[in-house]
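Peer 1:
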Ligand SMILES: [Zn+2]
Ligand SMILES: [Zn+2]
């Protein structure tokens, strides 16, 4: 019985140490010490994690920002084309 008690104590101590050592993940941006935003902090363009403030590609000078801009531009263009088509249809009716 005595052995079991000792084992339990050592396990508890180990967990405490681990908790103290564990660092909160920080924003990948240099000079920013804010904790990462776990759910939305991942940048899908450069695959790094940022805080709420820097999660947008524009906010962390994303290396892939140019790609991102290109695709955003394409999406906007598609939208405009669709809207134009809708407007024309409405006009005819
Ligand atoms: Zn940040
Ligand atoms: Zn990025």
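In my numbering, the protein residues as written are 760 to 852.
Even glycine gets a Cβ: it sits at the ideal position worked out from N, Cα and C.
Is residue 810 near ligand 1, in the sense that its beta carbon is under 8 Å from a heavy atom of that ligand?
Peer 2: Taking the first residue of the chain shown as 1, we reach residue 810 at position 51. It does: the Cβ of residue 810 is within 8 Å (strictly closer) of some heavy atom of ligand 1.
Peer 1: How would you call residue 790, buried or exposed, if buried means at least 16 neighbouring beta carbons within 10 angstroms?
Peer 2: By one-based count along the chain shown, residue 790 stands at place 31. Residue environment: residue 790 is assigned as exposed (fewer than 16 neighbouring CB atoms within 10 Å of its CB, all protein chains considered).
Peer 1: How about residue 814 and residue 805: do their beta carbons lie closer than 9 Å?
Peer 2: Locating residue 814 in the chain shown gives position 55, where the first residue counts as 1. Locating residue 805 in the chain shown gives position 46, where the first residue counts as 1. Taking 9 Å as the Cβ cut-off, residue 814 and residue 805 do not qualify as a contacting pair.
Peer 1: Would you identify the three-state DSSP class for residue 801, choosing helix, strand or coil?
Peer 2: Here residue 801 corresponds to residue number 42 of the chain shown, with the count starting at 1. Of the three classes helix, strand and coil, the one that applies to residue 801 here is strand, per DSSP.
Peer 1: Check the DSSP bridge columns for residue 813 and list the partner residues they point to.
Peer 2: On the chain shown, position 54 is the one that residue 813 refers to. Answer is none; residue 813 lacks a bridge partner.
Peer 1: Just the residues with CB closer than 7 Å to a heavy atom of ligand 2, in chain order, which are they?
Peer 2: 802, 804, 805, 807, 816, 819, 821, 822, 823
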